[in-house]
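So for the sequence shown, the UniProt record's numbering puts the first residue at 1; every next one is plus one.
Here's the structure, in structure tokens; my notes come after.
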Amino acid sequence: MSIFSYSPARALAQEALDHRAVRRDMIASNIANVSTPMYRPKDVNFEQMMAQKADEIFNRNRKLELDVAITNKNHLLPIEDMSLKRPTMFYRDGHLSRNDGNSVDLDIETSEMGKNDIMYQAIIGALRKQGGIFTYAIESSRNI
Numbered sequence: 001m002s003i004f005s006y007s008p009a010r011a012l013a014q015e016a017l018d019h020r021a022v023r024r025d026m027i028a029s030n031i032a033n034v035s036t037p038m039y040r041p042k043d044v045n046f047e048q049m050m051a052q053k054a055d056e057i058f059n060r061n062r063k064l065e066l067d068v069a070i071t072n073k074n075h076l077l078p079i080e081d082m083s084l085k086r087p088t089m090f091y092r093d094g095h096l097s098r099n100d101g102n103s104v105d106l107d108i109e110t111s112e113m114g115k116n117d118i119m120y121q122a123i124i125g126a127l128r129k130q131g132g133i134f135t136y137a138i139e140s141s142r143n144i
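Given below as structure tokens:
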């Protein structure tokens, strides 16, 4: 592992790839269920997931509450709010459903899949370019 392989921006880009993959799986599930009666298309809020990860990676999530003092080993531990760490899944119901109650619109799903894939490829391109910049800097320093 090189010294240039970790940076907060790189970690955020890797998280973005993971979240784009989650979104791709959700859209693929919607497309697979195009014939399932009463199925509603699902999606995740990518921007919310990335904002949470950016706060974690760049240490912007300062704890504003006090820690609970535990004076006895039999005391219950505080429950961590896991809802803040999970992506928010929602139903994308912006269009009419068919007679069987299914509201998957194949045109919308394929366009969302295409947009998601373009963004995935853009992130990969940015990561490659970042690696190329470091490689170029190292190779250029050899010629000095």
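Glycine is no exception: its CB is placed at the ideal position from the N, C-alpha and C atoms.
As the structure is a computational prediction, the values presented were derived from the model and not from experiment.
(message) Can you tell me whether Phe46 is helix, strand or coil according to DSSP?
(response) In the sequence shown, residue 46 corresponds to position 46, counting from 1. Looking at Phe46 - three-state DSSP - the assignment turns out to be helix.
(request) Could you check the C-alpha separation between Ser97 and Ser111 for me, to the nearest Å? (result) By 1-based counting over the sequence shown, the position of residue 97 is 97. By 1-based counting over the sequence shown, the position of residue 111 is 111. Rounded to the nearest whole angstrom, the C-alpha separation of Ser97 and Ser111 is 18 Å.
(request) Excluding the 5 residues preceding and the 5 following Asn33 in the sequence, name in chain order all residues of the same chain whose CB lies nearer than 6 Å to its CB. (result) In the sequence shown, residue 33 corresponds to position 33, counting from 1. Counting only Cβ-Cβ distances below 6 Å, and skipping sequence neighbours, we find Tyr39.
(message) Judging by CA-CA distance, which residue of Asn143, Met113, Leu12, Asn116 is the nearest neighbour of Asp55?
(response) Against the sequence shown, residue 55 aligns to sequence position 55. Nearest option by C-alpha distance: Leu12.
(request) Measuring alpha carbon to alpha carbon, tell me which of Gln48, His75, Thr135, Arg142 ends up nearest Phe90. (result) As a working mapping, residue 90 is identified with position 90 in the sequence shown. When the alpha-carbon of Phe90 is set against those of Gln48, His75, Thr135, Arg142, the nearest one is in Gln48.
(message) Would Asn30 and Glu139 be called neighbours here (beta carbons separated by less than 9 Å)?
(response) Within the sequence shown, residue 30 is the residue found at index 30, counting from 1. Within the sequence shown, residue 139 is the residue found at index 139, counting from 1. Going by beta carbons, Asn30 and Glu139 fall outside the 9 Å limit.
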